[in-house]
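A quick write-up on the structure given underneath.
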Amino acid sequence: MSGEILYWHIVMQKWDTIRNLHCVPLVVIYFRKEKKAFMADKKSITPRQQDYSRWYNEVVQRAEMADYSPVKGTMVIRPYGYTLWENIRDALDRRFKATGHVNAYFPLFIPMSFLEKEAEHVEGFSPELAVVTHAGGKELEEPLVVRPTSETIIGYMYSQWVRSYRDLPILINQWANVVRWEMRTRLFLRTSEFLWQEGHTVHATKEEAIAETLRILDVYADFAINEAAIPVIKGVKSERERFAGAVDSYTIEAMMGNGWALQSGTSHFLGQNFAKAFDIKYLDRDNKLQYGWTTSWGVSTRMVGAIIMAHGDDNGLRLPPRLAPIQVVIVPIWRKAADGKIVLAEANKIVNRLQQAGVRVKLDDRDQYQPGYKFNEWELRGVPLRIELGPRDIAARKVMLSRRDRPGRANKLQIDIDGLAVTVQRLLVDIQAAMLADATRFRDEHTTTVASYDEFKERLANEGGFIRVHWAGNRDDEARIKEETKATIRCFPLETPEGAGRCFYTGRKTDRVAIFARAY
RNA sequence: CGGGGCGUGGCGCAGUCCGGUAGCGCACAGCGUUUGGGACGCUGGGGUCGGAGGUUCAAAUCCUCUCGCCCCGACCA
Numbered sequence: 008m009s010g011e012i013l014y015w016h017i018v019m020q021k022w023d024t025i026r027n028l029h030c031v032p033l034v035v036i037y038f039r040k041e042k043k044a045f046m047a048d049k050k051s052i053t054p055r056q057q058d059y060s061r062w063y064n065e066v067v068q069r070a071e072m073a074d075y076s077p078v079k080g081t082m083v084i085r086p087y088g089y090t091l092w093e094n095i096r097d098a099l100d101r102r103f104k105a106t107g108h109v110n111a112y113f114p115l116f117i118p119m120s121f122l123e124k125e126a127e128h129v130e131g132f133s134p135e136l137a138v139v140t141h142a143g144g145k146e147l148e149e150p151l152v153v154r155p156t157s158e159t160i161i162g163y164m165y166s167q168w169v170r171s172y173r174d175l176p177i178l179i180n181q182w183a184n185v186v187r188w189e190m191r192t193r194l195f196l197r198t199s200e201f202l203w204q205e206g207h208t209v210h211a212t213k214e215e216a217i218a219e220t221l222r223i224l225d226v227y228a229d230f231a232i233n234e235a236a237i238p239v240i241k242g243v244k245s246e247r248e249r250f251a252g253a254v255d256s257y258t259i260e261a262m263m264g265n266g267w268a269l270q271s272g273t274s275h276f277l278g279q280n281f282a283k284a285f286d287i288k289y290l291d292r293d294n295k296l297q298y299g300w301t302t303s304w305g306v307s308t309r310m311v312g313a314i315i316m317a318h319g320d321d322n323g324l325r326l327p328p329r330l331a332p333i334q335v336v337i338v339p340i341w342r343k344a345a346d347g348k349i350v351l352a353e354a355n356k357i358v359n360r361l362q363q364a365g366v367r368v369k370l371d372d373r374d375q376y377q378p379g380y381k382f383n384e385w386e387l388r389g390v391p392l393r394i395e396l397g398p399r400d401i402a403a404r405k406v407m408l409s410r411r412d413r414p415g416r417a418n419k420l421q422i423d424i425d426g427l428a429v430t431v432q433r434l435l436v437d438i439q440a441a442m443l444a445d446a447t448r449f450r451d452e453h454t455t456t457v458a459s460y461d462e463f464k465e466r467l468a469n470e471g472g473f474i475r476v477h478w479a480g481n482r483d484d485e486a487r488i489k490e491e492t493k494a495t496i497r498c499f500p501l502e503t504p505e506g507a508g509r510c511f512y513t514g515r516k517t518d519r520v521a522i523f524a525r526a527y
């Protein structure tokens, strides 16, 4: 084993500096443990209003979604968080399969030289590459990059697989981990290693590739809206925010509970940039050699962060029923041991009935905690629906139901045990819809249109949120605005009912609309 | 890399100024009483005080060096 140890050197310099490897790669440091008072006071979470990022960290850790790991910038995804990710993964994977895609797996290590083949691509990624310089006890002849994304190695393989127009399109997706050595990291939102899917397709024509890029954008939006209950805006990225090596980057942008934007999925039209760099060529019907047209698209574990921040409240998580690891939790209540037996027996019957109905249900029969404690704990963990069951209920053939999206004792409902499964299924659908409606209302309430830069600055300083403007500026204008206000162009929305107008910054006439916001 | 803060049981902290047997809350274990919105009592386990060197009869505490972490900034799915 010892001879096979890999030495991973994390490099924060451009490749040409790495190339002369006299200087040993250095390690950069980032987040680790947060020493926080919340661990001592188990009873409350920092209110979002008071400190949003602190609220986020507390919720992630106390709900047992994730924990910090010893390597800076990396995290452990705990079973509860991982199950949520599995549900996200399955919902997306179904959609990919339904649109004709297949899964495959490409390796973690990529020859450094591959990244250099596409000029903008290296440029964009080199600052955040982790590079393996030693393996098997020796220095490697050519360093290996730990994939930050797989366009290059997949492009290389595609060049070998594509010969004829009959080989196209290639529609492959992979589920994988990638590494990007980020400066500032945050659980789920930006970690040095993260999980995602990356689709990579090749098409015979530009039109087909663009159609694929947009089809996937629709898949992402459909997933976000109908599974995650997060309303998203589909749009195109500005030049500054575009993927390194893409012709156009499309995005779905979601609004978080503090009014900031989160890019929750991206779909790139890569033109022939990678086809030319990797020589992906095919013979067309007329026996002419042509370059292929490629796309790539991804959604990552960042989506977990999006769900947390789009729906969470001051009591903790609120998970959309369609993705929640546990949809229904049953809390049994009793005083006398004899009652306990009866209650647990009835609870188990309910579990069986709900399971048969396809509901993800958990019976919390831990005896070291009291019901009140459990109520709070499951609310913190975002379980959409809670069933409270005690001797009184059983006598009346009823249960108490409590919806996570409508908290408080006043909103509990008493319903019949008979037909419970049907009621529960209906309520889960209701909750899913209500959460989408809540998130949509919040987003709309925090979206404004402004016509001048003064108004823009004033708006950002106070309410924040999404700001729609007419835009005719350039890259430098955007940079200047970011400098002054920290807001960036999140996207040029595909749907722009505004029509023509004047750029809020340059005053020029334009029909282009941009959405600005602070972003993660 | 610049500016600020911090390292003491699993977590949060006190003790450091002024050296003298390491303490508190939470969590954890056992027993008992409890259980419809975060229960209580008793008993108990657990800490080389980030590390190294020095001063001293004696160092968590004083001195020197060092390592690490967090927050803000430059980069970003």
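Quick note: the first sequence, position 228, residue 235 per my numbering, numbers continuous.
Positions of the beta carbon are idealized from the N, C-alpha and C atoms, including for glycine.
Just so you know, these numbers come straight off a predicted model, no measurement behind them.
- Bridge partners of P118 according to DSSP: L151.
- For S303, the beta-bridge partners assigned by DSSP are H207, H275.
- DSSP places I161 in the uninterrupted alpha helix (DSSP H) bounded by 158-168.
- By the neighbour-count criterion, in which a residue is buried when 16 or more other Cβ atoms sit within 10 angstroms of its Cβ, V520 is buried.
- Residue state for N469 is assigned as coil, using DSSP reduced to three classes.
- Contact between I232 and L443 holds, with the beta-carbon distance rounding to 7 Å and staying under 8 Å.
- Residue range 177-186 is occupied by the beta strand (DSSP E) that includes I177.
- Between T258 and L277, the gap from beta carbon to beta carbon reaches 8 Å or more.
- Annotated three-state conformation of K464 is helix, per DSSP.
- Distances from the alpha-carbon of Q56 to those of M263, D451, S256 put M263 closest.
- Bounds of the alpha helix (DSSP H) holding E452 are 427-452.
- Between the C-alpha atoms of L151 and E189 there is a straight-line separation of about 18 Å.
- Secondary structure note for I337: its beta strand (DSSP E) is the uninterrupted segment 335-339.
- Judged by DSSP secondary structure, E246 falls outside any alpha helix (DSSP H); it is assigned neither H nor E.
- Cβ contact annotation for L330 (same chain, cutoff 8 Å, sequence separation greater than five): L91, N94, I95, A98, E234, A235, I314, in chain order.
- Distance check between V185 and each of R309, A216, D174 places R309 closest, using alpha-carbon atoms only.
- The DSSP assignment places complete beta strand (DSSP E) segments of no fewer than 3 residues inside the segment 478-509 at 495-500, in order along the chain.
- For A211, the number of other beta carbons within 10 angstroms of its own is at least 16, and it is reported as buried.
- Judged by beta-carbon spacing, A70 lies within the 8 Å limit of G389, meaning their Cβ atoms are closer than that value.
- Between the C-alpha atoms of H128 and S274 there is a straight-line separation of about 16 Å.
- Residue burial is scored here from C-beta neighbours: V436 has fewer than 16 other C-beta atoms within 10 angstroms and is therefore classed as exposed.
- Taken atom to atom, the span from the alpha-carbon of E384 to that of I424 is near 24 Å.
- Leaving aside the five residues that flank V358 on each side, the residues in its chain whose CB is nearer than 6 Å to its CB run, in chain order, V368, L370.
- With the rule of 3 Cβ pairs closer than 8 Å, the segment 389-399 counts as touching the segment 333-343.
- Pairing V406 with V366 gives a Cβ-Cβ distance that is not under 8 Å.
- Here DSSP, grouped into helix, strand and coil, assigns L420 to strand.
- Nearest in C-alpha terms to E123, of all of I160, Y512, H108, E485, is I160.
- Taking C-beta separations shorter than 7 Å and ignoring five residues to either side along the sequence, the partners of S199 in its chain run G80, T81, V186, R187, W188, E189, T192, following chain order.
- I223 sits in a helix when the DSSP states are folded into three classes.
- Note on geometry: alpha-carbon atoms of L467 and Y289 lie some 50 Å from one another.
- The C-alpha of N64 lies about 19 Å from the C-alpha of A261.
- Cβ-Cβ distances below 7 Å link E246 to R482 in the same chain, with the five nearest sequence neighbours on each side left out; the list follows chain order.
- Burial state of E491 is exposed, judged by a 10 Å Cβ sphere holding fewer than 16 other Cβ atoms.
- Between A183 and the set S307, H108, L221, V78, the nearest pair of CA atoms involves S307.
- Distance from the CA of A228 to the CA of L408, rounded to the nearest whole angstrom, comes to 32 Å.
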